[in-house]
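Q:
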Amino acid sequence: MAELFQFELVSPERQLLSEQVAEVVVPGAEGEFGVLKDHSLFMSSIAPGILKVRNDGDSWTEYFVRGGFADVSGGRLTVLAEQAVPVAEISREQLDLAIKNAEEDAADAKDDMTRQKADRTLRRLKDVAEALKQV
Amino acid sequence: MPSLKDLRNRIASVKATQKITKAMQMVAAAKLRRAQEAAEAARPYAERMGAVLANLAEAFEGRDDAPKLMSGTGSDQVHLLVVATAERGLCGGFNTNIAKLAREKARSLIAAGKTVKIICVGKKGFDALKRELGQHVIKTIDLRSVKNVGFVNADEIGKEVLSMFADGEFDVCTLFYSTFRSVIAQEPTAKQLIPASFETDETEDRSGAQPVYEYEPDEAEILEDLLPRNISVQIFRALLENAASEQGARMSAMDNATRNAGDMIDKLTINYNRRRQAQITTELIEIISGAEAL
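Top to bottom, those sequences are chains A and B.
Note that the numbering used here has the first sequence beginning at 6, numbered continuously upward.
Note that the numbering used here has the second sequence beginning at 888, numbered continuously upward.
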């Protein structure tokens, strides 16, 4: 039996999840990372993508998250996301809207830095859309 | 001297008013519960955000390369006041109190020779401010069509403020709203958004060795990402507090109104009965004295 730790997923509007879990995979800004019990103190901003949660057992629950950050401290993981939706509930329109926004961002970016950032966001969103289509 | 008929009409009209205020009170009570739930649901996010930012900000204290949103532009010449009020009246002193606080602040700033710009969120705030400070209002944001305030609405206002800051249109930004204490107590509050101020938790023991955090990407980048987001979160929180306060204020105002109407009906009814009695007595005396004269 895997050791459990406290995990919280919070969006500005409500707390989506607060429970004991075995493992969480977070789409960090510089790559995905997994969190198990007794992870060292860590903070990362998150990129739009799929956040996976494993309760005790082998089944994963997936959430689509966008914008925000993850914080590991005091033996718990907190993910603050601007938007967090269970994958089962996400609608094509919402995702399309996010992609359209990202495209616009990339188009009006003033300097290279912001353009790169917007491009990266756009790519991630397209990946997610791709992944969802297969489901 | 009002006639009996006038009194009767008056009683009927007060009764109708009482029915309306009673209904408004019930509606406000129902909406209050929902608004309160929303405000409570949003609390964990804002709190965590504040804690994390305070942590990060400490690392940057006194450093030259701290982001502008935190350290300020180095001047305090131009002030932006964001005044968040309700879209509807009939809620006691709710709108007036927020407007009053904002007006006092604006007055003292103008007296000190600063430039003041105002953004009104909600129509009532603009109505209250336009007479004295109308020429300072640069924008009004209308949320009347929005039924339940969502993060999107707050984010829009936040982006607006940020783009103005990026263009150097102001140095200091203060947000005015009403904190929800209880149904009968709402407290008008001014909160400085830019440069960001953090309440650090004094109860926490900071004497021990600070644990080493690992950041990805580095601290500066995270902070730069978080500060703008924090503005939207603060505004969102203010809007939710406002929504709850508004319903609370309306509920107690309507409760008072209902009670006052009740008192008035009682008084008018006593008056009416007395007058009716007097009229009957007069009529009787007339008949009797007429009969006696025969």
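We put the beta carbon where it would ideally sit given N, CA and C, even for glycine.
Run through the stretch 1013–1094 of chain B for me and flag every whole alpha helix (DSSP H) of 4 or more residues, listed as ranges in chain order.
A: Counting whole runs of 4 or more residues, the stretch 1013–1094 of chain B contains the alpha helix (DSSP H) stretches 1038–1053.
Q: Using a Cβ cut-off of 8 Å (strictly closer), state whether leucine 46 of chain A contacts chain B.
A: Indexing the first sequence from 1 puts residue 46 of chain A at position 41. It does: the Cβ of leucine 46 of chain A has a partner Cβ on chain B nearer than 8 Å.
Q: Could you tell me the boundaries of the beta strand (DSSP E) in which glutamine 912 of chain B lies?
A: Locating residue 912 of chain B in the second sequence gives position 25, counting from the first residue. Careful: glutamine 912 of chain B lies outside any beta strand (DSSP E), inside the alpha helix (DSSP H) at 891–947.
Q: Figure out for me which residue from B:Glu1101, B:Glu1111 and B:Gly1012 has the closest Cα to the Cα of valine 970 of chain B.
A: Your numbering for residue 970 of chain B matches position 83 in the second sequence. Of B:Glu1101, B:Glu1111 and B:Gly1012, the residue nearest in Cα terms is B:Gly1012.
Q: Answer yes or no: do isoleucine 985 of chain B and serine 1065 of chain B have a C-beta to C-beta separation smaller than 8 Å?
A: Within the second sequence, numbered from 1, the residue matching residue 985 of chain B stands at position 98. Within the second sequence, numbered from 1, the residue matching residue 1065 of chain B stands at position 178. Yes.
Q: List, in chain order, every chain B residue whose beta-carbon is nearer than 8 Å to that of phenylalanine 74 of chain A.
A: Locating residue 74 of chain A in the first sequence gives position 69, where the first residue counts as 1. Per Cβ cutoff of 8 Å: Val939, Ile1109, Asp1112 and Leu1113.
Q: Check whether the Cβ atoms of glycine 976 of chain B and valine 1070 of chain B sit closer than 8 Å, and answer yes or no.
A: Within the second sequence, the letter at position 89 stands for residue 976 of chain B. Within the second sequence, the letter at position 183 stands for residue 1070 of chain B. It is not a contact, given that the beta carbons lie outside the stated cut-off.
Q: From this set, A:Val30, A:Leu41 and A:Asp124, which residue's C-alpha is nearest isoleucine 148 of chain A's C-alpha?
A: Residue 148 of chain A lies beyond the range of chain A shown here (6 to 140); nothing can be said about it.
Q: Would you mind working out which of B:Lys909, B:Met1151 and B:Glu924 sits nearest glutamate 1128 of chain B, comparing C-alpha positions?
A: One-based indexing of the second sequence puts residue 1128 of chain B at position 241. Here the closest residue by C-alpha is B:Glu924.
Q: Quick check: what's the CA-CA separation for glutamine 1166 of chain B versus tyrosine 1159 of chain B?
A: By one-based count along the second sequence, residue 1166 of chain B stands at place 279. By one-based count along the second sequence, residue 1159 of chain B stands at place 272. The alpha-carbon atoms of glutamine 1166 of chain B and tyrosine 1159 of chain B are separated by roughly 11 Å.
Q: Check whether the Cβ of glycine 1009 of chain B lies closer than 8 Å to any Cβ atom in chain C.
A: Absent from the structure: chain C. Protein chains present are A and B.
Q: Just to confirm, are methionine 48 of chain A and phenylalanine 74 of chain A a CB contact at a threshold of 8 Å?
A: Position 43 of the first sequence holds residue 48 of chain A. Position 69 of the first sequence holds residue 74 of chain A. The answer is yes: Cβ separation under 8 Å.
Q: Within 10 angstroms of its Cβ, does asparagine 1035 of chain B collect 16 or more other Cβ (buried), or is it exposed?
A: Numbered from 1 along the second sequence, position 148 holds the residue referred to as residue 1035 of chain B. Counting Cβ neighbours within 10 Å, asparagine 1035 of chain B comes out exposed, since fewer than 16 surround it.
Q: Tell me the start and end of each unbroken beta strand (DSSP E) in the stretch 43–123 of chain A that is at least 3 residues and wholly inside, in chain order.
A: Fully enclosed beta strand (DSSP E) runs of 3 or longer: 47–50, 54–59, 65–78 and 81–91.
Q: Which same chain residues end up closer than 8 Å to leucine 891 of chain B when comparing Cβ atoms and leaving out the 5 residues on each side of it in sequence?
A: Residue numbering aside, residue 891 of chain B sits at position 4 when the second sequence is read from its first letter. These residues qualify, in order along the chain: Tyr1159, Arg1162, Arg1163 and Gln1166.
Q: Compute the Euclidean distance between the alpha carbons of leucine 100 of chain A and glycine 33 of chain A, then round it to the nearest angstrom.
A: Taking the first residue of the first sequence as 1, we reach residue 100 of chain A at position 95. Taking the first residue of the first sequence as 1, we reach residue 33 of chain A at position 28. The straight-line gap from Cα to Cα measures roughly 19 Å.
Q: Using a beta-carbon distance below 8 Å, is methionine 936 of chain B in contact with chain A?
A: By 1-based counting over the second sequence, the position of residue 936 of chain B is 49. Yes, because at least one Cβ of chain A sits closer than 8 Å to the Cβ of methionine 936 of chain B.
Q: Is it buried or exposed, valine 939 of chain B, if we count other Cβ atoms within 10 angstroms and call 16 or more buried?
A: Taking the second sequence and counting its residues from 1, the one referred to as residue 939 of chain B is at position 52. Its Cβ being crowded by 16 or more others within 10 Å, valine 939 of chain B is buried.
Q: Between serine 64 of chain A and chain B, is the shortest Cβ-Cβ distance under 8 Å, so that the two count as touching?
A: Looking up residue 64 of chain A in the first sequence gives position 59. Not one chain B Cβ lies under 8 Å of serine 64 of chain A.
Q: Does isoleucine 1125 of chain B come out as helix, strand or coil in the three-state DSSP assignment?
A: On the second sequence, residue 1125 of chain B is found 238 positions in, with the first residue counted as 1. It should be noted that the sequence gives alanine, not isoleucine, for residue 1125 of chain B. The answer is helix: DSSP assigns alanine 1125 of chain B an H, G or I state.
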